[in-house]
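Visitor: Mapping the sequence shown onto our numbering, position 344 (from 1) lands on 344, and the numbers just tick up by one. Cβ atoms here follow ideal geometry from the backbone N, Cα and C, with glycine treated the same way.
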Amino acid sequence: MPEITPRGLTGLAFGGDYNPEQWPEAVWEEDVRLMREAGVTLVSVGIFSWALLEPAPGAHDFGWLDRSLDLLHDAGIRVDLGTPTVVPPAWFYRAHPDALPVTAEGVRLAFGSRGAICHSNPAYRAAAADITTRLAERYGDHPALAMWHVHNEYGVPVSACYCDTCAAHFRRWLERTYGGVDAVNEAWGTAFWGQRYASLDEIDPPRATPTVGNPAQALDYRRFADATMRENFTAERDILHRLSPGVPVTTNFMTALSQCDSVDYWAWGREVDLVTNDHYLITDGRRTHVNLAMAADLTRSVAGGAPWLLLEHSTSGVNWQPRNPAKAPGQMARNSLAHVARGSDGAMFFQWRQSRRGAEKFHSAMLPHGGTETRVFREVTELGAAVQSLASVRGTRTEADAAVLWDWQSWWAQNLDWRPSQDHDARERADAFYEALYDHHLTVDFARPEGDLSRYPLVVVPALYLMTEAAGDSLRRYAEGGGTLVVSYFSGIVDEHDAVHEGPYPGALRDVLGLTVEEFSPLLEGERVRLTGPGGAELQADVWTEFVVPRGAETVWTYADGPAAGRPAVTRHRLGEGTAWYVSTRLGTDGLATVLARAAEDAGISPRDDLPHDVEVVRRSGDSGRFLFAINHSGADAKVPLETPGTELLTGERAAGRLAVPAGAVRVVRLDG
Ligand code: GLA
Ligand code: ZN
């Protein structure tokens, strides 16, 4: 299948969200002049403009958008045109107050911010289809149009609505999914606490209850809410496909696990023509470049490995965290080019010109309040030139060494209430395993548990609590066929309805791991345990221990103390041609790196100890060549060995042997051959 890319772009995309409606038209000329100066090639327009495009019901004003698009087109800047359906106008809500979403506690949210939408509401659906149709009719073949940007970040800020319209829609979803109430009772285990339903009509959304509600109901509601948003996306997409044929349609994802948790991007990745993503650094004291790399890898993975596009990130600080530090000099370029290394065919920002008014006036932009004589604008202009010099990277694919399994539905299930320990967090495990792989300089794809894993020598399973039998079978086939698996505790415990697999834990993985788990024994807050292993090497762990009974697996590390003292802590099981490792406690990144180094030996992956810490080395390859990205996040100058000589694209210099990458710098070598 040919990859679908923004129309009319020859190199990588560079630009950002552009909100001309926030400025007098006199400013627009300057915008376009400075965009050209900065090397901007693509802007996202009109995302929040419904109230301006339709100031009164049925009365449209497209004049300003016509003029803005024509101006951009004359300057050769391509447009990613938004459908403004994330913010219906105030008049719409006066006519349809029931289109405002309701929380689980029964509070109806108000107009005056953004994203206040009940996605089941028929009036909203009709109005969204109408404005989308009008935009597609008017601009569907506009010469500036590169792609369509539907809505904005489905899933945030409201992940689900609990109103009566949604209740009725949920019942229809249950009917379609289960066929009738008996199957729902069975799947949800309603024999527990007398929750049995006589008819689907008795079922409501999982609204606030006196104590913990039915977990399978809560899990299904997340699936329903996700599917409902997807219905609305595909409805708009289909209108755009019909009226604007050949123009790719996207909606901006937020794959960072900390930024949007309500959308199953595996499913969404199949619906968009081009995967696009927004990413913001979370400054919580951790290594932000590792979190960025992970989000970029996840985005590429939901795109099936194809190139994707970073549609938003920030030039400097954001405005919505408790503390919003400015980016350090050079950090913006490192961030942008790290996304490119991991498959983005461009680097775009929120937003072009920093707003003077509204909630985001302290959010950085490409053109800050301070104007062009600022560090940010100078760095933006330099980055624009750098991005231009990487045009040949476009369309190539990032090479991966290993896979990490990830599943949003498992994460939803695991975050339900009343689990063995509130200190266990599936996302934290995914972060930690990822970081350990990153520190070994391994580039990873994320993969679905049921998918074909045979091309990866190493597959890591951070904490996949919900795992279908099919997923367990797939992992067994993978290991038997010669793969190496590393599995965290609390994986393979329940099925798709949050029901514990029959027999001892971990039901879906007992045979693969060659063990059973008799009991979980989570640790108290702050409690730590020691593990002893090969050659007396000690590891530290916390949060979780359990009583592992080997049934074929060998013990590699043993608990030296704590509730499981003397029992296996880390095990290794040979099956078929492959190996399955099990880590029954929460190791820190260093401990995981130690275990992963052993597993990598089993997988035949040679460690890259020749690469310095925090120097990221990633390769993209394809018809236009093979490219080595070296990004130095550290404060020290570094050298990166090159497998073949090549040309460094940012400086134009020849490179051979050991490539010098100064502290904080990025180098991109097009390798010869
Ligand atoms: C999101 C939105 C943008 C903007 C940025 C600010 O990604 O899509 O409209 O609010 O956050 O960081
Ligand atoms: Zn609703």
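1. Between the Cα of F192 and the Cα atoms of E175, N214, D74, V181, which residue gives the shortest distance?
2. Grab me the residues of S236's own chain with a C-beta within less than 6 Å of its C-beta, minus the 5 sequence neighbours each way, in chain order.
3. According to DSSP, what are the bridge partners of Y559?
4. Find the nearest neighbour of G566 within the set L587, T532, V595, judged by alpha-carbon distance.
5. Rounding to the nearest angstrom, what Cα-Cα distance links V668 and G562 in this structure?
6. Out of curiosity, what's the CA-to-CA distance linking P457 and H424?
7. Here's the rule: buried if 16 or more other CB atoms are within 10 angstroms of the residue's CB, otherwise exposed. What is D238?
8. Less than 8 Å separating the beta-carbons of E3 and P329?
9. When we look at the beta-carbon of V666 and count the other beta-carbons within 10 Å, is it buried (16 or more) or exposed?
10. Does V272 come out as helix, strand or coil in the three-state DSSP assignment?
11. Could you check where the beta strand (DSSP E) with R78 kicks off and where it finishes?
12. Using the rule of at least 16 other Cβ atoms within 10 Å of the residue's Cβ for burial, across every protein chain shown, is R394 buried or exposed?
13. Assuming L174 and I203 form a contact by the criterion Cβ under 8 Å, report the distance between their Cβ atoms to the nearest whole angstrom.
14. Does the segment 626-642 touch the segment 322-340, meaning 3 or more C-beta pairs lie closer than 8 Å?
15. Give the single residue among A56, V583, A198, P6 whose Cα lies nearest to the Cα of A95.
16. Alpha carbon to alpha carbon, how far is N232 from P245? Give it in angstroms, no decimals.
17. Along the beta strand (DSSP E) that carries I631, what are the first and last residues, could you check?
18. I'd like to know if the segment 463-474 and the segment 484-502 are in contact, where contact means that at least 3 CB-CB pairs between them fall below 8 Å.
19. According to DSSP, is F92 helix, strand or coil?
20. Considering only the alpha carbon of each residue, which of A75, G76, L53, A146 lies closest to A128?
21. The beta strand (DSSP E) that contains Y582, what's its start and end?
22. Measure the C-alpha to C-alpha separation of D345 and L309 and round it to an integer number of angstroms.
23. Please name the residue or residues paired with Y505 in a DSSP beta bridge.
24. Helix, strand or coil for R608? Go by DSSP, reduced to three states.
25. Hey, could you find the ends of the alpha helix (DSSP H) Q414 is sitting in?
26. Taking Cβ positions, are L650 and M348 nearer each other than 8 Å?
27. Applying the criterion that 16 or more other CB atoms from any shown protein chain within 10 Å of the CB defines a buried residue, is F362 buried or exposed?
28. Do Y154 and T251 have their beta-carbon atoms positioned less than 8 Å apart in this structure?
29. Could you please give me the residues that DSSP links to W308 through a beta bridge?
30. Check whether the Cβ of C166 lies closer than 7 Å to any heavy atom of ligand 2, and answer yes or no.
31. What do you reckon, are the CB atoms on A508 and G481 nearer than 8 Å?
32. Give me the DSSP bridge partner(s) of M147.
33. Of all the alpha helix (DSSP H) runs that stay within the bounds of the segment 373-447, which reach a length of 4 or more residues?
34. Of the residues P88, E525, A553, which one's Cα is nearest the Cα of A126?
35. Kindly indicate which three-state DSSP category V494 falls into: helix, strand or coil?
36. In or out: E538 buried (at least 16 other Cβ within 10 Å) or exposed?
Guide: For this structure:
1. N214
2. A small fix is needed here, since residue 236 is Glu in this sequence, not Ser. Excluding positions up to five away in sequence, the list reads T83, T132, V150.
3. L531
4. T532
5. 49 Å
6. 28 Å
7. exposed
8. no
9. buried
10. coil
11. 78-83
12. buried
13. 7 Å
14. yes
15. A56
16. 19 Å
17. 625-632
18. yes
19. helix
20. L53
21. 578-583
22. 5 Å
23. V517
24. coil
25. 408-414
26. no
27. exposed
28. yes
29. S344
30. yes
31. no
32. D80
33. 375-389, 408-414, 426-439
34. P88
35. strand
36. exposed
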